[in-house]
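Chains A, B and C supply the protein sequences, listed in that same order.
Going by the numbering used here, the first sequence opens with residue 46, and the numbers climb by one from there.
Going by the numbering used here, the second sequence opens with residue 184, and the numbers climb by one from there.
Going by the numbering used here, the third sequence opens with residue 22, and the numbers climb by one from there.
A virtual CB, placed ideally from N, CA and C, is assigned to each residue, including glycine.
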Amino acid sequence: MPESEAPPIDGVSVEINGHEVIARKGELLIDAAERAGTYIPRFCYHERMKPVGMCRMCLVEVDTGRGPALQPSCMIECTPGMKVDTESEITKKAQDGVLEFLLVNHPLDCPVCDKGGECPLQDQTMAFGPGESRFVEEKRHKEKPIPISDLVLLDRERCILCDRCTRFAKEVAGDPLIHFINRGNDTEINTFPDEPFSSYFSGNTVQICPVGALTASSYRFKARPWDLDTTESTCQMCSVGCRISIDSSRDEVQRFAGVDIDPVNWGWLCDKGRFSSEAVNADGRLSEPLLREGDSLIPARWSDAIRRVSDALAKASSPQAIGIIGGARLTNEDNYAWAKLAKGVLGTDNVDAQLGDGLPAEVVLGLPAATIDEVCAPGGTVLLLAPDVKEELPVLFLRLRHAAVSDRVTLIEISPRTTGITSLAKASVQPRPGEVGELVRALVARSNTDRDIAGIAAEEINAIRALLSAANGPLKVVLGRASVAESADAVVDAAAAVIEARPDTRFLPVLRRANVRGALDMGMAPGVLPGRVALEDAREWYESRWAKVPASRGLDTEGILRAAADGRIDVLVLLGADPLSDFPDQDLAARALTGARTVVSIDTILNASSRRADVVLAAAGFAEKAGTTTNVEGRVNTVSQRVTPPGTARADWMLATEIASRLGVEFGFSSPQDILDEIGSITPAYLGLSIEALAASPDGIVLPLDLPVDELVDEIIEEIIKDVAAEIETETGEPVDEFIDVLAMTDDDGFVAGSTPRLVSFVADAPLPVPPLDSYAFRLIATRKLYDQGTIVQSATSLAPLAPGTSLLVNPWDLDRLGVAESGRVTVRSSRSSLTLSVTSDPGVPRGAAALVVSQADVRVGELIDVGDPVTEIRIETA
Amino acid sequence: MTIDVPRIITSRFDRDDSFTLSGYEATGGYQALRKALASSPQAVADEVKTASLLGRGGAGFPAGVKWGLAPENVWPRYLVVNGDESEPGTYKDRMLMELDPHQLIEGVLLACYGIGCGQAFLYVRGEMPLAQERIAQALNDAYAAGYVGKNILGTNFSVDVILSWGAGAYIVGEETALIESLEGNRGMPRLKPPFFPAAKGLYMQPTIVNNVETLSNLPWIINNGGEAFAALGAETSRGTRMFAVSGHVKNPGVFEVEYGVSTFRDLIFKPEYAGGILGDRELKAFIPGGASAPWFFEEHLNLPLEKVTVDRAGSMLGSGAIVVMDETTDAVKSCLRIVRFFARESCGKCTPCREGTTWLEQILQRIYDGYGRPTDLDLLMDVSDNISPGISWPPKQTTICPLGPSAVSPIASAMKRFRPEFEARIAFAEQNRSSVPVDFPKAASHA
Amino acid sequence: MARLTAENVELATEIIGHFPRPKSALIPLLHLAQEQDGHLTDDAMVHIADLVDVTPAEVLGTASFYEMFKMEPVGRYMVNICTNISCQLRGGEELLEHAENTLGIRPGQTTADGLFTIEDVECIAACTEAPCLQVNYRYFHKITNNEFDELISELRSGARSDIPAHGTLAQVRQHIPADRQAGSVVPENTEVPVWLSVSEDGNA
Ligand SMILES: Cc1cc2nc3c(=O)[nH]c(=O)nc-3n(C[C@H](O)[C@H](O)[C@H](O)COP(=O)(O)O)c2cc1C
Ligand code: SF4
Ligand code: FES
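Below you can see the structure in the form of structure tokens.
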């Protein structure tokens with residue numbers, strides 16, 4: 046089972062086929078044998094789920110002192126002195142027998158089975174099968190594939206009843222919606238009638254099904270496994286950074302599959318990540334640049350388009366008249382190139398990778414960090430001050446679920462409304478919007494409170510306070526922006542309260558978009574420079590390395606949009622950003638797009654904002670370019686190119702490099718690796734990072750490690766030096782001690798060359814006061830669902846229809862008070878605008894609040910929100 | 184029904200009020216409980232150990248030893264009573280539950296007291312509503328009288344005995360499947376090791392699973408002492424035991440007899456027992472311990488009814504079910520019927536059992552229906568071998584529980600002794616048919 | 022069709038209260054639903070899922086494992102004829118055939134009037150009383166063809182009030198008076214039973 050630390054190698058000595066093997070304590074025989082190079086065939090066993098020992102394929106002869114007996118190697122732990130024979134006649138006969146039994150009722154439709162070519166049953170049969178069937182009876186017949194969900198089909202004839210999918214559904218996903226039905230030879234997998242397997246994780250069952258019983262509707266009959274080319278990469282549908290493999294054939298992406306890395310996804314993917322493969326080949330992918338002529342965007346030549354952009358940038362009245370928004374879609378290399386262009390060439394600090402829906406860069410980069418493994422470490426206590434992780438970071442949800450269910454981790458949730466993880470939490474409270482800071486302050490206070498806070502009763506607060514103070518070890522906080530209808534101040538204030546009361550607390554900041562963390566790390570935020578350093582701290586360092594450094598702190602997205610709306614922005618660059626859809630305040634976004642003199646959009650597909658741009662540059666998307674990405678933890682891993690981008694679309698770093706060149710600055714980048722080399726040699730938190738280091742760490746590299754940055758740098762450099770030294774030693778045969786000293790040049794502080802800037806530290810401004818609640822007003826909660834109107838979901842044909850839409854969710858008590866009927870229609874009015882929509886009663890919404898889901902069809906939540914207000918007050922009237 | 188002496192567990196069977204509280208109290212009921220409560224729990228456990236009471240559910244594991252297997256200092260412990268009696272040929276637990284429910288309840292209480300069980304569950308086979316009613320009534324009365332529940336008889340011994348019931352699945356008689364069923368799950372056995380119920384059973388807590396008949400012995404043992412019990416029966420099988428003798432006998436019936444004293448011949452032929460073969464025909468074979476047991480023949484008749492001897496002779500006393508087949512019996516048909524039972528009752532968890540037992544049934548059905556092929560007999564044996572490697576006794580198994588291998592017992596037995604009958608059917612089929620039809624007609628019984 | 026009635030929900034709640042974990046009450050609750058409707062309806066299973074806090078798929082997974090639970094309506098009287106070995110040897114199959122001919126249906130089928138369903142069942146623990154059968158799980162021992170016919174006509178005419186409609190099992194239920202209940206012991210309770218820790222020489 047996966048643990049944060051590898052189990053100690055204090056050995057149990059067993060004998061496998063005459064050879065001594067040192068197994069780990071408690072290790073299953075099937076695993077120990079595999080590590081020692083003996084693969085025992087299996088169907089039901091899966092290393093990430095509890096063994097059930099039911100397929101009986103892994104039977105081997107085991108002698109624990111009472112004579113050899115057939116035992117399922119997936120169920121027995123290695124014990125000292127155990128003798129195992131995986132090749133004996135008896136073992137072979139048993140395994141052949143099981144194989145034959147599995148085949149008696151298995152249909153012979155391999156030629157039309159998606160699994161054909163990568164099917165363990167087929168492989169086993171080819172390798173060891175009897176070749177001729179002794180079964181003359183009629184095979185079991187069942188209706189051929191039946192849909193068990195919108196995304197997955199089940200062919201019960203092919204099913205070998207290994208319990209993998211069903212175990213996954215129950216044990217891992219917590220959605221036991223598929224189950225064994227009937228008994229004995231009639232057993233099958235099925236759902237309850239009219240209750241489909243609607244799980245965000247259903248696609249995993251397709252991947253772990255050892256035969257072709259479960260197939261994905263998106264991949265059926267699309268390719269044959271032997272035609273596929275495969276590359277490992279990192280999923281970019283959210284910031285968890287699950288490792289995946291990309292399969293393509295004929296230069297077209299066919300599917301994604303999960304790859305098992307211990308610290309992150311354990312092989313699992315969410316369905317959005319898995320089936321986003323469809324979006325790569327979406328209709329409407331941009332394949333060439335477009336220039337505005339009157340009302341239309343007309344295809345143009347790259348040289349014209351780039352000239353148009355660089356001219357506009359060159360002509361901008363001042364660096365402050367340039368704003369760049371976006372970066373989460375980009376690789377680290379893309380982001381570095383763009384940060385260098387913006388800050389080091391253009392001199393503007395008006396750069397922001399977030400769309401006003403996240404947390405300030407200083408918070409994300411400055412809080413003491415925890416990895417996912419640290420958050421999920423057995424026995425710990427985790428405070429969730431985060432969005433609904435099941436909706437926004439699904440595989441992080443799986444990890445937290447496992448932690449709570451199997452590893453005795455106490456989850457305490459403080460969220461605007463109940464979430465997908467609420468049922469797993471030891472305690473969960475929903476404070477009124479805007480007041481979470483005050484609540485958290487009371488939760489970590491030294492003594493009990495005697496008053497209710499934020500709508501939460503004093504006893505409840507004190508009970509949670511007791512849980513928190515009973516935590517053993519440092520507290521872990523998962524921190525994020527749960528609702529975009531209230532300002533980030535409140536949650537930052539909450540974080541500040543925790544840090545103040547419990548300085549050893551560690552944080553996992555969870556921003557949602559793919560490489561948003563990498564973008565911040567690369568300086569794509571106001572006030573910071575690449576390598577997690579503050580503008581002022583690192584000014585000197587970068588002045589000697591770049592052409593220029595911005596004169597002063599710039600604007601964030603909100604500020605840029607305000608400036609644009611006021612006519613103070615000459616060039617607005619949207620780097621894969623769509624503020625019209627994604628910025629919480631849609632009125633402001635619309636005014637900004639009108640107010641900016643030139644709008645440049647760099648994207649893979651046209652969106653609401655780019656349709657209004659003056660220049661659109663076609664960008665290479667996921668699977669079409671190589672580079673690195675950084676996940677929520679600050680873990681860097683690779684993304685890979687598997688197919689060629691459509692038409693002449695280009696990687697974002699190329700565009701930055703070319704624009705810089707037009708402006709007279711040569712970056713000298715001709716590949717992502719050139720950029721990574723520069724990142725690894727000059728950006729403080731990333732010092733020492735290299736393509737070699739990444740190649741050697743398939744799990745990725747968390748930067749910085751668990752050490753203060755200087756020690757980290759020392760350590761990395763020492764490693765590199767040692768490697769170099771060892772190489773030189775083997776080549777020359779000379780000892781190289783002296784060489785090491787010369788190379789190291791470390792000063793007393795352990796810093797390389799003495800002047801590495803310190804990393805950003807956490808600062809929190811005092812939050813704006815929240816106006817008192819009057820009994821007619823409601824405070825708005827705006828949250829997200831996994832499937833929405835975002836470009837990628839909408840470009841993936843299987844996923845697009847799954848966006849659920851939204852109605853206004855109101856606590857039944859308030860509904861009663863308002864005299865509104867359940868599912869009646871209401872008008873919601875804010876200071877900005879009003880919407881008419883239906884209402885649903887939801888006890889998970891606190892009294893005095895009302896919730897909407899953003900980015901769903903027909904309900905433009907952003908029109909209600911004014912980002913200048915700490916909370917969004919609304920009134921609800923019967924329509 | 185003729186009953187042998189001494190009668191330990193069937194002593195009240197002749198009374199009309201045997202199942203009522205008043206009838207039970209009038210015949211010494213709940214005295215053992217009073218006696219036990221006046222001594223220590225350890226003393227109760229010790230008496231049971233001294234009695235060398237073997238489990239009556241099939242495996243014949245000593246109850247006292249099983250109790251001792253619960254790990255120390257792990258609480259709570261549960262007691263689960265196996266009243267799922269479904270092994271073909273077996274008919275005794277139903278009687279005990281219908282005719283003397285208080286005796287069973289008292290046994291349950293004694294076990295809980297001795298083992299330290301915090302709660303007991305009485306799992307009655309679903310198809311036995313009368314047993315369920317009698318036990319429910321008995322429990323309601325016993326609760327009211329202070330024998331069960333909180334502060335039993337005014338002491339600090341408190342335990343709830345909960346009646347639960349199944350819904351038709353033979354496999355649930357297997358103890359780990361029973362536990363699954365009691366947890367509300369499909370009755371699929373758990374693999375043991377790693378977990379024997381005594382260590383990790385119901386809700387993964389230490390759980391003692393005992394058969395109805397096993398526990399029904401406890402009141403007598405506590406009243407009369409373990410020594411007295413151990414004085415009855417044979418060296419390796421103490422006390423008495425209920426045997427159901429069915430099939431081709433003149434007086435089928437259930438008889439409580441002393442272990443080891445009588446032989447199979449006595450039970451089948453003596454007038455006070457089954458009274459001989461129907462129509463005084465010849466014996467062809469008999470099953471000594473339920474459908475799972477390999478068959479015995481004429482030469483085994485003189486074996487004493489005693490566990491170890493029967494085990495050594497290649498079968499088992501199992502659930503105390505003796506099924507007698509006379510010379511007119513069709514070996515293929517009987518074999519098919521028993522195999523079909525196991526195929527229908529396989530839980531479906533293990534591949535060899537799920538697929539193999541059905542395959543065996545299909546082959547046998549084909550032979551029986553006249554579509555056998557000469558290669559089928561070797562195929563039968565080889566498929567059997569893949570379920571129970573070596574086809575030996577006690578059986579080895581490629582499965583989790585012994586249900587799969589149980590289907591092999593009748594085949595191995597019938598093929599060993601009556602192979603010519605199988606061959607004759609196949610030969611007849613060969614002569615009367617030119618080719619194998621594609622669709623074999625389904626047996627009438629196979630809707 | 023039908024969720025559990027209010028009365029049955031009350032009973033269900035009592036039954037759930039007998040067990041340390043709600044799901045343990047699943048089989049008894051499914052019987053309750055079958056008693057109410059004669060078979061298991063989807064609605065009842067969804068309702069039960071709710072009562073014991075599992076998914077309907079889990080309820081169906083359990084229910085479909087056990088052959089007493091019928092997902093489709095069956096006759097008012099389930100006639101279960103044993104053909105297992107002891108009964109086979111004493112005419113069980115012939116009795117079944119007689120039943121098939123008399124009622125004009127095959128095993129698993131229901132007569133057109135909805136009164137009878139016959140099943141060819143495995144051993145019902147009455148082996149010494151072969152051939153035997155059950156009607157709605159009430160036993161009939163050593164049954165001859167004539168006795169069978171008589172039984173059927175009695176059932177048809179409504180003369181057998183001792184046999185309740187299909188689904189009804191025990192008509193006596195276990196009730197534990199609150200003041201007598203020792204209480205369910207949840208697995209998390211790790212205390213040594215009191216009578217073990219204090220009683221060197223008994224508790225009397
Ligand atoms: C397939 C199978 C079916 C069984 N059926 C029953 C049964 O119906 N009743 C029973 O008491 N034990 C049955 N057993 C035995 C139980 O697993 C268990 O050994 C027994 O209940 C323990 O009680 P005892 O020690 O008092 O005999 C069965 C075992 C197997 C493998
Ligand atoms: S569908 Fe696949 S994973 Fe599920 S039980 Fe069948 S073979 Fe196993
Ligand atoms: S892999 Fe061990 S039994 Fe299936």
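Have a look at ARG862/A, THR917/A, THR828/A and GLY621/A and flag the residue whose alpha-carbon is nearest the alpha-carbon of SER849/A. Correcting the residue identity first, residue 849/A is Pro in this sequence and not Ser. The option with the nearest alpha carbon to PRO849/A is THR828/A.
Does DSSP put ARG317/B in a helix, in a strand, or in coil? helix
Report the neighbours of PRO77/C on chain A: residues whose CB is nearer than 7 Å to its CB, in chain order. PHE237 and GLU240
Chain C within 7 Å of TRP250/B, Cβ atoms only: no
Does the beta-carbon of LYS160/A have 16 or more other beta-carbons within 10 angstroms, so that it is buried, or is it exposed? buried
Taking only beta-carbon positions, decide if ARG228/A is within less than 7 Å of chain C. yes
Just to make sure I have the definition right: I need the residues of chain B whose C-beta is within less than 9 Å of the C-beta of LEU147/A. Which are they? THR534 and GLU538
Continuous beta strand (DSSP E) stretch holding TRP313/A: start and end: Where TRP313/A is concerned, there is no enclosing beta strand (DSSP E), given that its DSSP letter is neither H nor E.
Does GLU363/B pass the burial test, meaning 16 or more other C-beta atoms within 10 Å, or should it be called exposed? buried
If we count Cβ pairs, one from each stretch, closer than 8 Å, do we get three or more for the segment 686 to 705 of chain A versus the segment 309 to 317 of chain A? no
VAL591/B, buried or exposed, once every other Cβ within 10 Å from all chains shown has been counted against 16: buried
Less than 6 Å separating the Cβ of GLY392/B from some heavy atom of ligand 1? A quick correction: the sequence has Val, not Gly, at residue 392/B. The answer is yes for VAL392/B.
Which whole-angstrom value describes the C-beta separation of GLU419/A and GLY479/A, a residue pair presumed to lie in contact below a C-beta threshold of 8 Å? So it is not a contact: roughly 30 Å between Cβ atoms.
Cβ pair ILE460/B, ASP509/B closer than 7 Å: yes
What's the C-alpha gap between SER49/A and CYS254/A? Only weak support exists for where SER49/A lies, its pLDDT of 42 falling under 50; the coordinates are left without a value.
Contacts of GLY142/A in chain B (Cβ-Cβ under 7 Å): PRO535, ASN569 and THR581
Are there any heavy atoms of ligand 1 lying less than 6 Å away from the beta-carbon of ARG523/B, as far as the coordinates show? no
Let me confirm a value: SER596/B is counted as buried when at least 16 other C-beta atoms fall within 10 Å, else exposed. Which label applies? buried
Compare the Cα-Cα distances from THR801/A to each of LEU147/A, GLU581/A and SER460/A and report the closest residue. GLU581/A
Three-state secondary structure assigned by DSSP to GLU396/B: helix
Just the Cα atoms here: how many angstroms apart are GLU31/C and ARG190/B? 43 Å
Please find out if some non-hydrogen atom of ligand 1 comes closer than 6 Å to the beta-carbon of GLU357/B. yes
Does the beta-carbon of ASP786/A have 16 or more other beta-carbons within 10 angstroms, so that it is buried, or is it exposed? The predicted position of ASP786/A is uncertain, since its pLDDT is 48 and thus under 50; a value taken from the coordinates is nonetheless stated next. Label assigned to ASP786/A: exposed.
Whole-angstrom distance between ALA583/A and GLY219/A, CA atom to CA atom: 47 Å
Rounded Cβ spacing between LEU61/C and ALA33/C (contact assumed at less than 8 Å): 14 Å between Cβ atoms; not a contact.
Using 7 Å as the threshold, is the C-beta distance between TRP348/B and GLY309/B below it? yes
Tell me whether the segment 193 to 207 of chain C and the segment 58 to 72 of chain C touch, counting them as touching only if at least three CB pairs, one residue from each stretch, are closer than 8 Å. no
How about ARG87/A: is its Cβ closer than 6 Å to a heavy atom in ligand 3? yes
State the Cα-Cα distance for the pair ALA635/A and LEU358/A, rounded to the nearest angstrom. 22 Å
Listed in chain order, which residues of the segment 595 to 612 of chain B have Cβ atoms closer than 8 Å to some Cβ of chain A? none
Apart from the five residues on each side of it in sequence, which residues of its chain come closer than 6 Å, Cβ to Cβ, to ASN105/C? GLU143 and CYS144
State the beta-bridge partners of GLY409/B as determined by DSSP. In DSSP, GLY409/B forms no bridge with anything.
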